[in-house]
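Residue numbers (our numbering), protein chains in the order written: chain A, -14 to 410; chain B, 24 to 195.
Here the structure comes first, spelled out in structure tokens, and everything after it is commentary.
Right, dumping it as structure tokens:
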């Protein structure tokens, strides 16, 4: 019989996920204010600040938090140090505030301390995960992709810090925009995409009650990123032809993922989809569209700042954000339930996950975010200020509805003497 | 043809629960079903109306001593009777020793339903008795709950996607 197991702490991932949800809410607040700026070039201080609120405050903090929930499940071992994880949240959170704040006011020298704190937070996370992975006997697809993603995040952080220093003292060779594009693609394709694909391979079959992916499907996804991402990044810096070849490899990986998701939907034994699953499906659909636009940009079929902005909206607002919202709507209620109600389960009547949710706000978030992001991508592509503002307001409504949904779930963590006697639904 | 044990239950002793609208609305009715089952008195049966055949429920309720009988009205309209009296065939072979209290198959259930079903069942175990849980993955979040409640456990994975956890109550 087994020895005592260490309890996976639900509070550490919840702290990350709640902070990320706050960042997403702030994006909703800021978006209508920067609508006018979205009619111009994407290299604008407020656009940079908004973008980094999304990529660092929303996406990166979610990845860190989700990894603290999923690593014990996927790897069947405890996280090396949860205390280091708490320090990491503090460092990363302060770093994001520093970076975003200084970007918004174009104070490049002040940006460096923010970048330093962020780098310390990312280093803490990578060290924690690396020590957790140490000695792993069986490297599953998910474990491999998580390792690949965290390597991508480290390289992205170093690259970003170098771009920050470049603003004060010029030392990098080559074209400015080529470096910027390489940084963005290293973050999205090298840092975020492997984590999403790796986590999806593990949790989507569980959510959809469907078979696990075949080895060939996993191999194409892994090799497409392993070969494609370095080619895209190096190609953007020095050789456009290499970038186009890399984009095709990444597109093959993405296409395989999307086809697999479609096959999961067809083979799902779930009688009905909840809002979380609808978000995940919408995220996969946006990924297919974004990959097509990205490949068109890499091959030179389309170009210019308007297409680049629309591409950014599709990737960050469509694929990444909708996928994260879907995963959060699954992860957060489970963690809250586990923290509050699992100790009573079997002994007393306890509510189910459905009782922790607020379907009305989930529905509002789904409609506003999926529709608003599509409208925003079209509006920035056209460059029409009034249309951008209207679409931004719709997206804002979606972010606020999502934050309200998460807050509803989290309020169960607040001790309440009446809750113990609450009737089961 | 309805089993004799089910025919013997008068219609007035049948509790009907229609989850078709809830499922079509995207809701998960598992908790509601389990709450109704928990309230069933001796001699009562549950008549579940669902838009599909709820096969995962057969294992969960079968482990609680409920037999089932289903009737298909249309492709998306099923009635399933759950009643006590005839044990369902277990999905996995139960352990043969005298301390075993049967098998609980929680495959195909979304978290935290497997944990809820297991912890509820474990409360019926006496000291020294064992329950075998059949799962499709290692239940990482269940183990600490077992430790805290004084259960010993052993996990084996005979093939990918099939996990057996033998749980024994060691202390009250």
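Just so you know, even glycine gets a beta-carbon here, dropped at the ideal spot from N, CA and C.
- Rounded to whole angstroms, the gap between the alpha carbons of residue 28 of chain B and residue 79 of chain B is 22 Å.
- Residue 164 of chain B has a beta carbon lying within less than 7 Å of a beta carbon in chain A.
- In the three-state reduction of the DSSP assignment, residue 160 of chain B falls in the coil class, being assigned neither a helical nor a strand state.
- Taking 7 Å as the CB threshold, residue 137 of chain B stays off the interface with chain A.
- For residue 189 of chain A, no Cβ of chain B is located within less than 7 Å of the residue's own Cβ.
- Residue pairing by DSSP places residue 188 of chain B opposite B/156 and B/178 in a beta bridge.
- Residue contact with chain B for residue 322 of chain A: present (Cβ-Cβ distance below 7 Å to some residue of chain B).
- For residue 128 of chain B, no CB of chain A lies under 7 Å from its own CB, so it is not counted at the interface with that chain.
- In the structure shown, residue 124 of chain A falls within a coil segment according to DSSP collapsed to helix, strand and coil.
- Rounded to the nearest whole angstrom, the CA to CA distance from residue 74 of chain B to residue 103 of chain B is 11 Å.
- A direct Cα-to-Cα measurement between residue 327 of chain A and residue 208 of chain A gives close to 40 Å.
- At least one CB of chain A lies nearer than 7 Å to the CB of residue 54 of chain B.
- Here the stretch 74 to 81 of chain A makes contact with the stretch 102 to 122 of chain A; the two share three or more CB pairs at distances below 8 Å.
- Under the 10 Å beta carbon count, residue 14 of chain A is surrounded by fewer than 16 other beta carbons and is classified as exposed.
- CA-to-CA, the gap between residue 89 of chain A and residue 22 of chain A works out to about 12 Å.
- For residue 290 of chain A, the nearest beta carbon of chain B is not closer than 7 Å to its own beta carbon.
- Judged by DSSP secondary structure, residue 39 of chain B falls within the beta strand (DSSP E) whose first and last residues are 37 to 41.
- Excluding sequence positions up to five before and after residue 85 of chain A, its CB lies within less than 6 Å of the CB of 34, 37 and 38, all in the same chain and listed in chain order.
- Residue nearest to residue 152 of chain A within the set A/286, A/357, A/30 and A/250 is A/30 (criterion: CA-CA distance).
- Within the model, the alpha-carbon separation for residue 164 of chain A versus residue 133 of chain A is close to 21 Å.
- Ranked by Cα distance from residue 338 of chain A, the first of B/162, B/134, B/184 and B/189 is B/134.
- Interface residue (Cβ-Cβ distance to chain B less than 7 Å): residue 337 of chain A is classified as such.
- Residue-level contact check: residue 61 of chain A touches chain B, since one or more beta carbons of chain B fall below 7 Å from its beta carbon.
- No Cβ of chain A is located within less than 7 Å of the beta carbon of residue 152 of chain B.
- Scanning A/335, A/229 and A/180 for the CA closest to the CA of residue 286 of chain A turns up A/229.
- Judged by DSSP in its simplified three-state form, residue 75 of chain B adopts coil rather than helix or strand.
- Near chain B, meaning a CB-to-CB distance below 9 Å, the residues of the stretch 230 to 255 of chain A are 254 and 255.
- Under the three-state reduction of DSSP output, residue 94 of chain B falls in the strand class.
- Taking the Cα of residue 81 of chain B as reference, the smallest distance to any Cα among B/146, B/106 and B/190 is reached at B/106.
- For residue 69 of chain B, not one C-beta of chain A is nearer than 7 Å to its own C-beta.
- Interface flag for residue 58 of chain A against chain B is set, since a Cβ pair is found closer than 7 Å.
- For residue 107 of chain B, the enclosing beta strand (DSSP E) starts and ends at 100 to 107.
- Closer than 7 Å at the C-beta level to chain B, one finds no residue of the stretch -4 to 13 of chain A.
- Under the three-state reduction of DSSP output, residue 126 of chain B falls in the strand class.
- When only Cα atoms are considered, residue 363 of chain A and residue 279 of chain A end up about 15 Å apart.
- The beta carbon of residue 70 of chain A sits no closer than 7 Å to any beta carbon of chain B.
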